[in-house]
Amino acid sequence: MSRPPATTSRPAPLVVQGVSKRFGASVALAGVDLCVEAGSVVGLVGPNGSGKTTLLRSAAGLGTVDSGAIVVAGSPAGSRPARAATALMPDEPTGFDELTCAELVGLAHALWGADQAARARSHVLAEAFGFDDRLDQRLGTLSRGLRRQASAIAALSIGTPLVLVDEATATLDPEAVVVIDEALTALAAQGAGVLLATQDLHFAGTVCDEIVLLHRGAVIDRGTPAALRARHGADSLEEVFLEALGDGSLRSRVRDAFRAL
Amino acid sequence: MRFVLCRAVTRCQARRLRAVAAAAPLPAVTVVIMVALAPVALARVGVALGTELGGALASSEVATALVLGPCLAAAAAGAVLSASLPTRAGLGQQIAAGPCGDRSAIGAGLVLPSVLAGLIVLPSLLSLSLALAGGFAGGYPAGLALTAAILAAVPAGAVIAEGVQIAVRGRRIRLLGIGIGLGAWIVTGSAMGATPLGLLAPVSLSLRGAVSAWIALGAAGATATGLGIAWILLAACRPEQRSRATRRRHLDAAWRFPVPAAASSLIVRRSDVRQANVAALGFGVIGALIAVASGAEPPGPFLLATTTTLLGSLVAALAGWGTLAAGAWMWLGAPRGRRAIAAITWQSGLVAVAVPVGIVALVAALGSGVDWRTVGVVAALVVLGTAVATITGSLVPWQGDGIGDQLSSLAAFVAVAIATSFIVGLVVPRLTGLGLPDPAIVILLCGLLSCVAIASLLRRLELGER
Numbered sequence: 206m207s208r209p210p211a212t213t214s215r216p217a218p219l220v221v222q223g224v225s226k227r228f229g230a231s232v233a234l235a236g237v238d239l240c241v242e243a244g245s246v247v248g249l250v251g252p253n254g255s256g257k258t259t260l261l262r263s264a265a266g267l268g269t270v271d272s273g274a275i276v277v278a279g280s281p282a283g284s285r286p287a288r289a290a291t292a293l294m295p296d297e298p299t300g301f302d303e304l305t306c307a308e309l310v311g312l313a314h315a316l317w318g319a320d321q322a323a324r325a326r327s328h329v330l331a332e333a334f335g336f337d338d339r340l341d342q343r344l345g346t347l348s349r350g351l352r353r354q355a356s357a358i359a360a361l362s363i364g365t366p367l368v369l370v371d372e373a374t375a376t377l378d379p380e381a382v383v384v385i386d387e388a389l390t391a392l393a394a395q396g397a398g399v400l401l402a403t404q405d406l407h408f409a410g411t412v413c414d415e416i417v418l419l420h421r422g423a424v425i426d427r428g429t430p431a432a433l434r435a436r437h438g439a440d441s442l443e444e445v446f447l448e449a450l451g452d453g454s455l456r457s458r459v460r461d462a463f464r465a466l
Numbered sequence: 030m031r032f033v034l035c036r037a038v039t040r041c042q043a044r045r046l047r048a049v050a051a052a053a054p055l056p057a058v059t060v061v062i063m064v065a066l067a068p069v070a071l072a073r074v075g076v077a078l079g080t081e082l083g084g085a086l087a088s089s090e091v092a093t094a095l096v097l098g099p100c101l102a103a104a105a106a107g108a109v110l111s112a113s114l115p116t117r118a119g120l121g122q123q124i125a126a127g128p129c130g131d132r133s134a135i136g137a138g139l140v141l142p143s144v145l146a147g148l149i150v151l152p153s154l155l156s157l158s159l160a161l162a163g164g165f166a167g168g169y170p171a172g173l174a175l176t177a178a179i180l181a182a183v184p185a186g187a188v189i190a191e192g193v194q195i196a197v198r199g200r201r202i203r204l205l206g207i208g209i210g211l212g213a214w215i216v217t218g219s220a221m222g223a224t225p226l227g228l229l230a231p232v233s234l235s236l237r238g239a240v241s242a243w244i245a246l247g248a249a250g251a252t253a254t255g256l257g258i259a260w261i262l263l264a265a266c267r268p269e270q271r272s273r274a275t276r277r278r279h280l281d282a283a284w285r286f287p288v289p290a291a292a293s294s295l296i297v298r299r300s301d302v303r304q305a306n307v308a309a310l311g312f313g314v315i316g317a318l319i320a321v322a323s324g325a326e327p328p329g330p331f332l333l334a335t336t337t338t339l340l341g342s343l344v345a346a347l348a349g350w351g352t353l354a355a356g357a358w359m360w361l362g363a364p365r366g367r368r369a370i371a372a373i374t375w376q377s378g379l380v381a382v383a384v385p386v387g388i389v390a391l392v393a394a395l396g397s398g399v400d401w402r403t404v405g406v407v408a409a410l411v412v413l414g415t416a417v418a419t420i421t422g423s424l425v426p427w428q429g430d431g432i433g434d435q436l437s438s439l440a441a442f443v444a445v446a447i448a449t450s451f452i453v454g455l456v457v458p459r460l461t462g463l464g465l466p467d468p469a470i471v472i473l474l475c476g477l478l479s480c481v482a483i484a485s486l487l488r489r490l491e492l493g494e495r
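Spelled out as structure tokens, the structure:
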């Protein structure tokens, strides 16, 4: 997947340099370096607990890091300009049970001071998700998948230079995954940088320009999907994933162990 | 199974409280010290009140009012408890799907908060009641009966709140049962010359020495036990909420939903806040009607009605931080100053508390008349109460689905309120001694506590989620 390169001299939407973070004895991030250029989609892939969400939350200003630097559109992550330049679609869009979907989108637009283009984008997304009938429903009455769609309308319509998406496809139906795929691609084509975390390797292979493999908080491999497959001599990203983790024989080990019971 | 669940739930609550205390050790220690000292201060208040009221107690109306006032406040608190009582769903989907009964789930969630509330409230209540009744004909045993009556009013308020929910959700047979109980209450009270007190009427008689205090204590204890059981039974079979038809609106209608409006909507649309407000309005109006009907002089009815309503409506301020914390991913991620978010939360809580109190104040003022000084006192109580509730809510967050979280928050609210009263009681005489006029002292206190409330919200925002 190729997109027009960024032509402006504006700072990169996200630069992560030597970021480390610990939660007590456990290492969440260990010297992570990462750059999300304008117009690119970068995918974070890794096992549960590998630090994907911690990195996204730190970039969104929801958590601090122990060392290293995260710079969002030229400002330190968590600063007001950085927050103004970032939109987050969280894995668990909790809270706001008492607001309707339309009110959640309106609140996000008010908080970020969104423009008319955001309004137009929200219409497109609501229509694409088939959400028109649900705009007046309170979020507390929706399923988790529908709540994520509402938070996607809010986050992807604002039009910030950096878009962060946690567990991009979790709990979403195939149609919604198509909408997210197209929306992220379009936002990147318009110059936004997208950093997404996902366990859906097929989705990552389709939408991402670069995939970063995280394991125990450290980057263990990175590259375009094609380059990763070629480097590991693999047919699929699943094989790349297991090879990179040193777990190439996982399937056969589990199968044999169960048969032996 | 019941004990396994009870142990697990109690452990969760205890660990959460420990984490809360560890996160804010200084406020926690201050609250503990104040709660420990409160019974001593309240005993002195009780003795002073008892000496002052002793002569007037010959009138049955005064004796009834002496029991009814705190009972109405306790009933409003009971209605709030009912609104916040975690049912089976509060256990979380995985455990709620397990083979545990609804009553076990409710009982498990009640153990630690009840013990805590007992430790915090009971010594102060006992101290005040015993000191107060010590100067009356009924003596100390009548003080015990008064304590039991106030405790019995808590489940009474909760049962009425359950009745309102049952009525709204259309369960006629259960509602009929509550109606029969209410009828029996009124008939019993009427027969003993204290209609609104119902089964608790012997308590007001015992204060005057007209009935043995031990009989009154027995009646109040039995009423408390019966109503407590009825409350748990009703809560365990609480009917499902009916889905409501919504107005169709276009996405454009909520285009740029203003932040204060969103924060206020989040708080006042919560079902527990809504129910607490309905109960607060109801008890406030009932209080005003009873006071007017019994010929109480102004501003008695106004004060009784507004303070009763205030107690229930404070849930909105208590819920402020918990409501925001659940959506911290958006509030903290937004390019807004955190001070502005904290101020908006405080302001939304204040409006949510002031509106129901204002409505009841208007009704009470029309019914009995009121002077501007009393209106000022109530306005100050609204601001101070909202500040105390906001501080508590940021220390022990009131959350939507946590097991017993709301009950722990309520227990903490009582503790913070006692601590604040104690500090105010120490500071105000010194300010008066400096020659400051009363209105200036009140404005100073309101401003100071509001700043502390906003600062406590800000501190939570800076600490991050939860």
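Protein sequence lines correspond, in order, to chains C and A.
Numbering of the first sequence is given in the working numbering, commencing with residue 206 and proceeding in unit increments.
Numbering of the second sequence is given in the working numbering, commencing with residue 30 and proceeding in unit increments.
C-beta: ideal position from N, C-alpha, C; glycine also.
Taking 8 Å as the cut-off, the Cβ atoms of Ala265 of chain C and Leu239 of chain C do not count as close.
Contact annotation, Gly268 of chain C with Arg262 of chain C: C-beta distance approximately 5 Å; criterion of less than 8 Å satisfied.
For Ser245 of chain C, the secondary structure class from DSSP, reduced to helix, strand or coil, is coil. The beta carbons of Gly192 of chain A and Ile207 of chain A sit about 4 Å from each other, so the pair counts as a contact at 8 Å.
Within the stretch 368 to 453 of chain C, the complete alpha helix (DSSP H) segments at least 4 residues long are 379 to 394, 406 to 412, 430 to 437, 442 to 449, listed from N- to C-terminus. Under the Cβ criterion (8 Å, minimum of three pairs), the stretch 470 to 489 of chain A does not count as touching the stretch 82 to 98 of chain A.
In this structure, Gly398 of chain C keeps its C-beta atom at 8 Å or more from the C-beta atom of Ile416 of chain C.
Against chain A, the CB of Pro379 of chain C has no partner CB under 8 Å away; the residue lies outside that interface. If the five residues before and after Leu173 of chain A are omitted, its C-beta is found closer than 6 Å to the C-beta atoms of Leu246, all from its own chain and listed in chain order. Beta-carbon to beta-carbon, Leu460 of chain A and Leu413 of chain A are separated by about 15 Å, too far to satisfy the 8 Å threshold. For Leu293 of chain C, the C-beta contacts it makes with chain A under 7 Å involve Trp358, Gly362, in order along the chain. Taken in chain order, the whole alpha helix (DSSP H) runs of length 4 or more contained in the stretch 216 to 292 of chain C are 257 to 264, 285 to 289. DSSP, reduced to helix, strand and coil, places Arg343 of chain C within a strand of the structure shown.
Contact between the stretch 392 to 411 of chain C and the stretch 241 to 255 of chain C is present: three or more C-beta pairs spanning the two stretches fall below 8 Å. With a threshold of 16 other beta carbon atoms within 10 Å, Cys413 of chain C meets it and is buried. With a 10 Å radius around the Cβ and a threshold of 16 neighbouring Cβ atoms, Ala390 of chain A comes out buried.
Collapsing the DSSP output to three states places Thr305 of chain C in a strand. Linking Leu389 of chain C to Trp360 of chain A through their CA atoms gives a straight-line distance of about 23 Å.
Buried is the label assigned to Ser113 of chain A, since at least 16 other Cβ atoms lie within 10 Å of its Cβ. Residue pairing of Met294 of chain C in beta bridges, as defined by DSSP: C:Val370. Interface annotation for the stretch 292 to 314 of chain C against chain A: Ala292, Leu293, Pro295, Glu297, Pro298, Thr299, Gly300, Phe301, Asp302, Glu303, Leu304, Thr305, Cys306, Ala307, Glu308, Leu309, Val310, Gly311, Leu312, Ala313, His314, criterion Cβ-Cβ distance under 9 Å.
With fewer than 16 neighbouring CB atoms inside 10 Å of its own CB, Pro466 of chain A falls in the exposed class. With fewer than 16 other Cβ atoms inside 10 Å of its own Cβ, Thr254 of chain A counts as exposed. Rounded to the nearest whole angstrom, the CA to CA distance from Asp131 of chain A to Ser457 of chain C is 45 Å. Scanning chain A for C-beta atoms nearer than 9 Å to the C-beta of Arg227 of chain C yields nothing, as the closest lies near 16 Å away. Membership of Leu148 of chain A in the alpha helix (DSSP H) is indicated by the continuous run 131 to 162.
Contact residues of the stretch 267 to 290 of chain C toward chain A are Leu267, Gly268, Arg285, Arg288, Ala289 (C-beta to C-beta distance below 7 Å). Note on geometry: alpha-carbon atoms of Ser284 of chain C and Thr376 of chain C lie some 31 Å from one another. Against chain A, the CB of Ala265 of chain C has a partner CB under 8 Å away; the residue lies at that interface. Between Ala248 of chain A and Pro231 of chain A, the gap from beta carbon to beta carbon is short of 8 Å. The stretch 151 to 164 of chain A makes contact with the stretch 57 to 69 of chain A; the number of CB pairs closer than 8 Å reaches 3 or more. Using beta-carbon distances, Leu392 of chain C does not count as an interface residue toward chain A, since no partner is under 8 Å. For Phe312 of chain A against Ala105 of chain A, the beta-carbon gap comes to about 5 Å, under 8 Å, which counts as contact.
Residues of chain C with a Cβ closer than 7 Å to the Cβ of Arg298 of chain A are, in chain order, Glu303. For Ser89 of chain A, the enclosing alpha helix (DSSP H) covers residues 89 to 113.
Counting only runs that start and end inside the stretch 189 to 229 of chain A, there is no beta strand (DSSP E) element of at least 3 residues.
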